[in-house]
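Novice: Numbering (the numbering used here), first residue to last: 6 to 240. Let me give you the structure first, and then I'll get to my questions.
The following block contains the structure:
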């Protein structure tokens, strides 16, 4: 991505997280034991919304939580019904695959299945980013969470600097297209920047009008400059 400023004077291999830190996900089967209360114990599959249906308690949200966190949450709920409840939670069946969706500038778009422990970088690599994919702004959208923008540009050099982010069932990954960023600063009505598609040509006056909202009354057009990375200033 190139950045042009107009100034008017005035991932990698698939690592596996340890099971103790494993976060429950859709499709997993959890074994819940409430000691001395067999009617409340059983095995439960995590549904699409990240919940398990517990007797009496109803749906318990477990998606994204560790086994200990789930046990603590169930224990807290049962304290209203049982004196000193003792609850353990074990992973009875691991959903071996994560179904995720990749869209945007990838050779393989749509749903794909990846093994447990695969990361966002693994998904993008498997999908095959195109030559005009902007890997610095890959967007991850997860159920009930705010979208997260990740810099995976290191995939092109084999070095991914983003933190390890394992996939969850149903994750949506968008790979944007490379665009040119044009900024208009100085004596304009609306200083700021905008993204332009790679194939889109834009003239200086058009940028001042469309992005900067036009010149101010005191603008000195004779002192306007164009700055480009790695190039000399254009007056």
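A virtual CB, placed ideally from N, CA and C, is assigned to each residue, including glycine.
Tell me whether residue 68 is buried or exposed, calling it buried when 16 or more other Cβ atoms sit within 10 Å of its Cβ.
Specialist: Buried, because 16 or more other Cβ atoms sit within 10 Å of the Cβ of residue 68.
Novice: By how many angstroms is the C-alpha of residue 110 removed from the C-alpha of residue 190?
Specialist: Each residue's Cα considered, the two are about 31 Å apart.
Novice: Assess, as a yes-or-no matter, whether the stretch 33 to 53 is touched by the stretch 95 to 104 under the definition of 3 or more beta carbon pairs within less than 8 Å.
Specialist: Taking 8 Å as the limit for Cβ pairs, the verdict is that the stretch 33 to 53 does touch the stretch 95 to 104.
Novice: Should residue 223 be labelled buried (16 or more other beta-carbon atoms within 10 Å of its own) or exposed?
Specialist: By the neighbour-count rule (16 or more Cβ atoms within 10 Å), residue 223 is not buried but exposed.
Novice: Tell me which residue opens and which closes the beta strand (DSSP E) that residue 146 is part of.
Specialist: Counting along the chain, the beta strand (DSSP E) containing residue 146 begins and ends at 143 to 146.
Novice: Would you report the Cα separation of residue 51 and residue 135, rounded to the nearest angstrom?
Specialist: If I take the Cα positions, the gap works out to 35 Å.
Novice: Do you know offhand how far residue 90's Cα is from residue 61's?
Specialist: Approximately 14 Å between the Cα atoms of the pair.
Novice: Could you spell out the range, first to last residue, of the beta strand (DSSP E) harbouring residue 108?
Specialist: 102 to 109 is the span of the beta strand (DSSP E), which, as asked, contains residue 108.
Novice: Tell me the DSSP bridge mates of residue 155?
Specialist: Bridge partners of residue 155: 143.
Novice: Measuring CA to CA, which of 139, 146 and 207 is closest to residue 231?
Specialist: When only C-alpha atoms are compared, the closest one is 207.
Novice: Using the DSSP secondary-structure output, state which residues sit across from residue 199 in a beta bridge.
Specialist: Answer is 187.
Novice: Classify residue 239: buried if its beta carbon has 16 or more other beta carbons within 10 angstroms, exposed otherwise.
Specialist: Answer is exposed; the Cβ neighbour count stays below 16.
Novice: Buried or exposed, going by whether 16 or more other CB atoms sit within 10 Å of the CB of residue 150?
Specialist: By the 10 Å Cβ count, residue 150 comes out exposed.
Novice: Rounded to the nearest angstrom, how far is the Cβ of residue 107 from that of residue 170, given a contact under 8 Å?
Specialist: Incorrect: roughly 15 Å between the Cβ atoms, too far for contact.
Novice: So residue 144 and residue 154 are supposed to be a Cβ contact under 8 Å. How far apart are they, rounded?
Specialist: Yes, residue 144 and residue 154 are in contact; Cβ-Cβ is about 6 Å, under 8 Å.
Novice: Considering Cα atoms alone, identify which of 186, 163, 181 and 209 is closest to residue 193.
Specialist: It is 209.
Novice: According to the Cβ coordinates, are residue 100 and residue 30 closer than 8 Å?
Specialist: The answer is yes: Cβ separation under 8 Å.
Novice: Which residue comes first and which comes last in the beta strand (DSSP E) that contains residue 66?
Specialist: Element bounds for residue 66: 63 to 66.
Novice: Between the alpha carbons of residue 186 and residue 138, how many angstroms are there, rounded?
Specialist: Rounded to the nearest angstrom, the two C-alpha atoms are 15 Å apart.
Novice: Identify which residue in 47, 237, 216 and 128 has its Cα closest to the Cα of residue 188.
Specialist: If we check each option's Cα against that of residue 188, 216 comes out closest.
Novice: Helix, strand or coil for residue 30, going by three-state DSSP, please let me know.
Specialist: In the structure shown, residue 30 sits in coil (DSSP, three-state: anything other than H, G, I, E or B).
Novice: Mark residue 86 as exposed unless 16 or more other C-beta atoms lie within 10 angstroms of its C-beta, in which case mark it buried.
Specialist: It counts as exposed.
Novice: Round the Cβ separation of residue 71 and residue 26 to the nearest angstrom and send it over; I've been treating them as touching at under 8 Å.
Specialist: Yes, residue 71 and residue 26 are in contact; Cβ-Cβ is about 6 Å, under 8 Å.
Novice: Rounded to whole angstroms, what's the CA-CA distance from residue 246 to residue 102? Just pull it up for me.
Specialist: Since the first residue shown for the chain is 6 and the last is 240, residue 246 is missing from the structure and cannot be characterised.
Novice: Return helix, strand or coil for residue 226, following the three-state DSSP convention.
Specialist: In the structure shown, residue 226 sits in a strand (DSSP, three-state: E or B).
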